[in-house]
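Structure first, commentary second.
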Amino acid sequence: MRRILAKVTHLKCKKRKKTPRLTAEHKKARVEWAKSHVDLGLGWNQIVFSDENKFNLDGPDGLQYYWHDLCKEDQSFSSRQNGGGSVMIWAGFSSEGLTEVAVLEGRQD
């Protein structure tokens with residue numbers, strides 16, 4: 556079956572991205588939270604929204620899937636024996652604007 560699918564020009568085998576499953580209940584709770592906090596007034600000046608992300612220097616974690624042309628040489632993904640390391644960054648924003656991007660050193664718990 557995979558060989559047949561590989562011949563179909565409009566199909567492409569890709570690894571599915573992992574995303575949190577948001578149910579209708581989750582979405583409703585988010586809207587309710589936003590409605591209850593919309594009139595916070597000057598209180599928003601004391602809130603910072605932030606996030607962090609890890610970037611792997613050798614590519615994404617996990618296995619990588621792809622459809623390849625059976626008449627051509629297989630593709631390979633290079634990596635170092637002990638891994639290529641990663642970089643963790645953090646940034647945020649508030650009513651005052653953006654924070655600086657911080658590069659986090661070492662392992663993060």
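The opening residue of the sequence shown carries number 556 in my numbering; numbering runs sequentially from there. Ideal Cβ positions, reconstructed from N, Cα and C, are used throughout, including at glycine. Source: prediction; values computed, not measured.
So what does DSSP say about residue 597, is it helix, strand or coil?
If you number the sequence shown from 1, residue 597 lands on position 42. In this structure, residue 597 counts as helix in the three-state DSSP scheme.
Is it the case that the Cβ atoms of residue 649 and residue 586 are separated by a distance below 8 Å?
The residue labelled residue 649 in the question sits at position 94 within the sequence shown. The residue labelled residue 586 in the question sits at position 31 within the sequence shown. Result no, Cβ atoms of residue 649 and residue 586 do not sit closer than 8 Å.
Quick test of your reading: residue 657 and residue 606, contact by CB under 8 Å. State the CB separation rounded to the nearest angstrom.
Stepping through the sequence shown from its first residue, residue 657 is reached at position 102. Stepping through the sequence shown from its first residue, residue 606 is reached at position 51. About 12 Å; that fails the 8 Å criterion.
In the DSSP assignment, what residue or residues form a beta bridge with residue 607?
Within the sequence shown, numbered from 1, the residue matching residue 607 stands at position 52. DSSP output for residue 607 lists 645 as bridge partner(s).
Just how far apart, CA to CA, sit residue 640 and residue 593?
For this step, residue 640 is matched to residue 85 along the sequence shown. For this step, residue 593 is matched to residue 38 along the sequence shown. Cα to Cα, the separation comes out at about 42 Å.
Could you work out which residue in 564, 578, 609 is closest to residue 644 when comparing CA atoms only?
Mapped onto the sequence shown, residue 644 falls at position 89. Looking only at 564, 578, 609, the smallest Cα-Cα distance to residue 644 is reached by 609.
In chain order, what residues of the same chain lie with their CB nearer than 6 Å to the CB of residue 576, ignoring the 5 residues before and after it?
The residue given as residue 576 occupies position 21 in the sequence shown. Exclusion of the five residues before and after residue 576 leaves no residue of its chain whose Cβ lies closer than 6 Å to its Cβ.
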